[in-house]
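What follows is a set of notes on a single structure, which appears directly below.
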Amino acid sequence: MTEIEYDRVPNVADESHGSELSARLRSLWESKPGVYGWFATVDHKTLGIRYIVTAFIFLGLGGIEALIMRIQLAQPNEHVLSPEQYNQLFTMHGITMILWYSLPILTGFSVYLQPLLLGCRDMALPRLNAFTYWVFLFSGIFLYASFLIGAAPDAGWFNYVPLASIEQNPGPNIDFYAMANIFLGISTTLGGINFIVTILRFRAPGMSINRLPIMSWGTLTISVASVLSIPAVSLAFFLLWMDRHFGTHFFDPATGGQPLLWQHLFWLWGHPWVYIIVLPALSMVSQALPVCCRRPLVAYSLVALATVLTMVLGFGVWLHHMFATGLPTMALALFSAVSILIAIPSAVSLFAWLATIWTGRPDFSTTFYFFAGFIVVFVIGGVSGFMTGSVPVDWQLTDTYFVVAHIHYVLIGWNLFAVLGALYHWFPKMSGRMLDEKLGKISFWFVFIGFNVGFFPMHITGLLGMPRRVYTYSADMGWSTLNLISSIGAFVLAIGLLITLFNIVRSRRLGQLAGPNPWDADTLEWSTTSPPPPYNFLVIPTVASRSPLWEDRLGEKRASTPERGFALDHGKETLGTTMLDAVPDVIVKMPEDSLAPLLLSLALAVLFTTMMLEAWWWLGASIVAILIITMVWLWPRRNLGEIEGSTS
Amino acid sequence: MWSGIGADLGDRPRKRGGMHLFCVLPLLLYAAPARADAPLGYLSGAGPRNVSNLTWGVLTISILVVLIITGVLLFAIFARRNRISSESSNERELVSRAGNPVAVIYAGLVLSTLVLFGVTIWTMMTLADIAAPPSAPKVTIEVTGHEWWWEVRYIGDDPSQTFVTANEIHIPVGEPVAIKLRSADVIHSFWVPALSGKTDTIPGQTNTTWILADRAGTFRGQCTEYCGLQHAHMGFQVIASSKEKFEAWRQAQLRVASEKSGASPGQRVFMQKCAVCHTIRGTRAGGRVGPDLTHLMTRGTIAADTLPNRVGYLSGWIADPQHVKPGSKMPRLNIDGEDLAQVRNYLETLD
Numbered sequence: 002m003t004e005i006e007y008d009r010v011p012n013v014a015d016e017s018h019g020s021e022l023s024a025r026l027r028s029l030w031e032s033k034p035g036v037y038g039w040f041a042t043v044d045h046k047t048l049g050i051r052y053i054v055t056a057f058i059f060l061g062l063g064g065i066e067a068l069i070m071r072i073q074l075a076q077p078n079e080h081v082l083s084p085e086q087y088n089q090l091f092t093m094h095g096i097t098m099i100l101w102y103s104l105p106i107l108t109g110f111s112v113y114l115q116p117l118l119l120g121c122r123d124m125a126l127p128r129l130n131a132f133t134y135w136v137f138l139f140s141g142i143f144l145y146a147s148f149l150i151g152a153a154p155d156a157g158w159f160n161y162v163p164l165a166s167i168e169q170n171p172g173p174n175i176d177f178y179a180m181a182n183i184f185l186g187i188s189t190t191l192g193g194i195n196f197i198v199t200i201l202r203f204r205a206p207g208m209s210i211n212r213l214p215i216m217s218w219g220t221l222t223i224s225v226a227s228v229l230s231i232p233a234v235s236l237a238f239f240l241l242w243m244d245r246h247f248g249t250h251f252f253d254p255a256t257g258g259q260p261l262l263w264q265h266l267f268w269l270w271g272h273p274w275v276y277i278i279v280l281p282a283l284s285m286v287s288q289a290l291p292v293c294c295r296r297p298l299v300a301y302s303l304v305a306l307a308t309v310l311t312m313v314l315g316f317g318v319w320l321h322h323m324f325a326t327g328l329p330t331m332a333l334a335l336f337s338a339v340s341i342l343i344a345i346p347s348a349v350s351l352f353a354w355l356a357t358i359w360t361g362r363p364d365f366s367t368t369f370y371f372f373a374g375f376i377v378v379f380v381i382g383g384v385s386g387f388m389t390g391s392v393p394v395d396w397q398l399t400d401t402y403f404v405v406a407h408i409h410y411v412l413i414g415w416n417l418f419a420v421l422g423a424l425y426h427w428f429p430k431m432s433g434r435m436l437d438e439k440l441g442k443i444s445f446w447f448v449f450i451g452f453n454v455g456f457f458p459m460h461i462t463g464l465l466g467m468p469r470r471v472y473t474y475s476a477d478m479g480w481s482t483l484n485l486i487s488s489i490g491a492f493v494l495a496i497g498l499l500i501t502l503f504n505i506v507r508s509r510r511l512g513q514l515a516g517p518n519p520w521d522a523d524t525l526e527w528s529t530t531s532p533p534p535p536y537n538f539l540v541i542p543t544v545a546s547r548s549p550l551w552e553d554r555l556g557e558k559r560a561s562t563p564e565r566g567f568a569l570d571h572g573k574e575t576l577g578t579t580m581l582d583a584v585p586d587v588i589v590k591m592p593e594d595s596l597a598p599l600l601l602s603l604a605l606a607v608l609f610t611t612m613m614l615e616a617w618w619w620l621g622a623s624i625v626a627i628l629i630i631t632m633v634w635l636w637p638r639r640n641l642g643e644i645e646g647s648t649s
Numbered sequence: 140m141w142s143g144i145g146a147d148l149g150d151r152p153r154k155r156g157g158m159h160l161f162c163v164l165p166l167l168l169y170a171a172p173a174r175a176d177a178p179l180g181y182l183s184g185a186g187p188r189n190v191s192n193l194t195w196g197v198l199t200i201s202i203l204v205v206l207i208i209t210g211v212l213l214f215a216i217f218a219r220r221n222r223i224s225s226e227s228s229n230e231r232e233l234v235s236r237a238g239n240p241v242a243v244i245y246a247g248l249v250l251s252t253l254v255l256f257g258v259t260i261w262t263m264m265t266l267a268d269i270a271a272p273p274s275a276p277k278v279t280i281e282v283t284g285h286e287w288w289w290e291v292r293y294i295g296d297d298p299s300q301t302f303v304t305a306n307e308i309h310i311p312v313g314e315p316v317a318i319k320l321r322s323a324d325v326i327h328s329f330w331v332p333a334l335s336g337k338t339d340t341i342p343g344q345t346n347t348t349w350i351l352a353d354r355a356g357t358f359r360g361q362c363t364e365y366c367g368l369q370h371a372h373m374g375f376q377v378i379a380s381s382k383e384k385f386e387a388w389r390q391a392q393l394r395v396a397s398e399k400s401g402a403s404p405g406q407r408v409f410m411q412k413c414a415v416c417h418t419i420r421g422t423r424a425g426g427r428v429g430p431d432l433t434h435l436m437t438r439g440t441i442a443a444d445t446l447p448n449r450v451g452y453l454s455g456w457i458a459d460p461q462h463v464k465p466g467s468k469m470p471r472l473n474i475d476g477e478d479l480a481q482v483r484n485y486l487e488t489l490d
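Those sequence lines, one after another, are chains A and B.
Residue numbers 2 to 649, in this note's numbering, belong to the letters of the first sequence in order.
Residue numbers 140 to 490, in this note's numbering, belong to the letters of the second sequence in order.
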């Protein structure tokens, strides 16, 4: 979208203009009903909810895969699964949870909430937003199509060569993963760019960078990191595709290739990715926990700095996944030191949460239950990471169940607990109805107990030497009881999640009405109705502090004005502000609904399928289709001010 | 009682016991049912003490951190909570900036930074200690990972002192042994928990590590880098024995296969069906695909530490390897009843 300097001074409105203005805005912003509107919508709220629902479906798929594996491992020498089936299941479980659940769920919350937190009417690039959703969806369908032909990826989620080479793995299994990964990378990269522009340029007037909601700090940080790190993994998979289909030798040692090149490229993305899929979750806790505790977050600046610093250091620890590959001691020492010291910025957030609870007056909501549970598992996942950062210790711990325990404490503990807390917190905003608190608390106890019963014993199983990724084990290894306990815990955890699912389905229709601000929270999303209207805010709010809705009660002068501001009703418009100080800068013309994002994603799905099948004519056809659709999408339009002489 | 995890804790339990009692207790609750025997456990081993000290150290720090933070959290929630009556809606709207805990955060930060720097230094010192063996190794063994077994080659001073065996590594007690690691196909990882950490075997490069057993015994090893269908069944054993016993074993392994079986019918079947993949030194069998079987009967296990090396298991393995290790590179050869018995009888002469 091009931004044009207008000479127009936007008119200021307030609630007295309510019904007339809202009717006009609604007619401008609302998607058309029916099939066209459903597929063409660019409304970030619709897309955010679709992201969340789709990511939860992937969580369900990954969860089912996990439960089947837990049945196989519940007892020694089980024959529920063949080795081939087990290998496909653990690979798909890892890929699904790490790539198609963990970040998309956070992206969903961010797509829904960022414009509302920032006080604007949509994401900066609404059509790109729709496009990234469709690409995410189709890449996931593409990946799962592998199950239909019984050839799901089976070389583990980090897909080491030569195990993933054409000689060792001649079927299409690895190609599904390679293509799906590059495909998804497009979504994540473009989504990152969209968040960066939105957070830097679409904040409400007065929301200078030091008043940025803490959740936006998380999203901004990981968006930059996504854009910087994903090229490494896309390149790795592209080179692997070349090796597999054109006989190149990037990774083939027999002809001068280098298997470790894969590991470097993969972890160069892979470790930053671990932070990418947890930092926004931590920042959601930092955003909502203070509301539960009835006070602003303690040490906001330190937490924001720690978020950024964690991400920066996160780019310098990838070698700790490769401590056992025979690297020089000096390199090991350096990466070991960074891997241990990265705990310092994480500790900052932890202390800030504890101080917020300590000096606050916690309201015992389900959200608070999940966040308190989150803090406990956060610490356990953190210290086990600290242990594996120490090279000589890691040489024993790596590739055992200790690491399995660690990654689940990080991915379920840091991500899922935060997400569930956030769900109970923001569901009323999204649906207009409250989730049932009683069911929520029952769900929490099942999740918390099931999770710890399932995964804590894995630390011990690991200390007793059980390697990762074994499809079975013999009874004389001393792991049988612990594995049985883990399997029972996994099912208890699953029941807890099903209770929350039931709660969602039930509360959508029967839940208590929420009203605009059921938690009496402090940020802009709570100043509009629940669910918000298609245009989010009747007027563009003006912000004068980090807690615009709490100013009068914090003993400060009430200076933020959520109810009075620019009307911007000459078409689909929102306000662009300057990067640091958020001074009004431009009126941004927003695009209307379009089918182009959906069609372009479909064309890309065809492209990646043809790359996998080596169907070169179809590949050419899909490239032509992509070019045409892109051209239609980007064709300059008068109503967006992209052609000179246009007027507002 | 505190040594619930793993096997024997070695020769200095009392000194370390007091310090670790605290952190072992919670683990014990979980580990108690499994304590009987864990051959791949490594919290107590026969290798370098400094690594297990570091492991116990970071484990203790970790458990203390979890307990302290959980305690602070519970105290913050329950003890300090200024209860809000849910009935009164005004109460709920109370918001304040009470307290100024930023100083506490800085204090916590300084404390954790000191601990983390301390652990970093401890890590560096341990790393420097174990980067090289305490004395120059006299025995060098080249271990090659295969899907899904281990080729073990003892490198002698001259070719006549070099021999190959499989899935069983014999070492002398008290002496560092150099291990050169190679791979024939994909990446595997060499791990003997009681003696040393993991080192990957990577195609196209030779990694080196070393092991030292400070007492005699049999130690289990296992591949720990996922390597395909039978990653689960890719074990081996390290047998540490006195210098004399080791030397006797080495001399025995250097010999070619005993000739007492002569041209038995079993040997004929073996040459027809098995010799393409397996070597038996002193015979025409020279295949390099599978393990060297020259002294098969001296080994304790077969199929990469999957089955005990006893007559019944051996027959079962030859008759249908795919049943024991589905996907194994050893095919089912339809060796029928009589042939099977003869081949097995022949193999039983390989001592």
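Yeah, the Cβ is synthetic: ideal placement off N, Cα and C, and Gly gets one too.
Helix, strand or coil at residue i according to DSSP, with G and I counted as helix
i                        : result
arginine 559 (chain A)   : coil
serine 595 (chain A)     : coil
serine 147 (chain A)     : helix
arginine 470 (chain A)   : coil
leucine 193 (chain B)    : helix
histidine 465 (chain A)  : Sequence check: residue 465 (chain A) is leucine here, not histidine. In this structure, leucine 465 (chain A) counts as coil in the three-state DSSP scheme.
tyrosine 293 (chain B)   : strand
glutamate 307 (chain B)  : strand
arginine 321 (chain B)   : strand
isoleucine 167 (chain A) : coil
histidine 18 (chain A)   : helix
leucine 446 (chain B)    : strand
threonine 610 (chain A)  : helix
valine 228 (chain A)     : helix
glutamine 513 (chain A)  : coil
lysine 337 (chain B)     : strand
Integer Cβ distance of residue i from residue j, believed to fall under 8 Å
i                       : j                     : result
proline 254 (chain A)   : glycine 343 (chain B) : 3 Å
histidine 407 (chain A) : serine 385 (chain A)  : 4 Å
Residue i - containing alpha helix (DSSP H), residue span
i                        : result
glutamate 66 (chain A)   : 45-74
tryptophan 520 (chain A) : No alpha helix (DSSP H) contains tryptophan 520 (chain A), which DSSP labels as neither H nor E.
serine 432 (chain A)     : 418-432
histidine 265 (chain A)  : 260-277
glutamate 386 (chain B)  : 382-393
Cutoff 8 Å: residue i Cβ touching any chain E Cβ
i                       : result
threonine 363 (chain B) : Absent here is chain E; the protein component of the structure consists of chains A and B.
Host beta strand (DSSP E) of residue i (start-end)
i                      : result
arginine 407 (chain B) : Taken as a continuous stretch (DSSP letters only), arginine 407 (chain B) belongs to no beta strand (DSSP E), being part of the alpha helix (DSSP H) at 404-412.
glycine 108 (chain B)  : With chain B running from 140 to 490 in the structure shown, residue 108 (chain B) is simply not present.
field: Under 7 Å (Cβ pairs) to chain B, residues found in the stretch 265-277 of chain A
entry: none
- request: Entirely within the stretch 89-132 of chain A and at least 3 residues each: give me those beta strand (DSSP E) ranges in chain order.
  value: none
- prompt: Going along the stretch 58-88 of chain A in order, which residues come within less than 8 Å of chain B, judged by CB to CB distance?
  reply: Ser83, Pro84, Glu85 and Asn88
Members of the stretch 259-283 of chain B that neighbour chain A once the beta carbon cut-off is set at 7 Å: Thr259, Thr262, Met263, Thr265, Leu266, Ile269 and Ala270
- request: Please specify which runs of the alpha helix (DSSP H), each continuous and at least 4 residues long, are wholly inside the stretch 292-358 of chain A, giving them in chain order.
  value: 301-315 and 330-342
query: For the stretch 526-583 of chain A, which segments carrying the beta strand (DSSP E) assignment without a break, of at least 3 residues, lie completely within its bounds, in sequence order?
result: 541-543, 562-567 and 574-578
Residues of the stretch 332-354 of chain B with Cβ closer than 8 Å to any Cβ of chain A, in chain order: Pro332, Ser335, Gly336, Lys337, Thr338, Asp339, Ile341, Pro342, Gly343, Gln344, Asn346 and Thr347
query: Can you list, in chain order, the residues of the stretch 363-383 of chain B whose Cβ is nearer than 8 Å to any Cβ on chain A?
result: Thr363, Glu364, Tyr365, Cys366, Gly367, Leu368, Gln369, His370 and Ala371
query: Quick one, which residues of the stretch 393-406 of chain A are near chain B if we go by CB-CB under 9 Å, in chain order?
result: Pro393, Val394, Asp395, Trp396, Gln397, Leu398, Thr399, Asp400 and Thr401
- prompt: What residues in the stretch 286-299 of chain A bring their beta carbon closer than 8 Å to a beta carbon of chain B?
  reply: Arg295, Arg296, Pro297 and Val299
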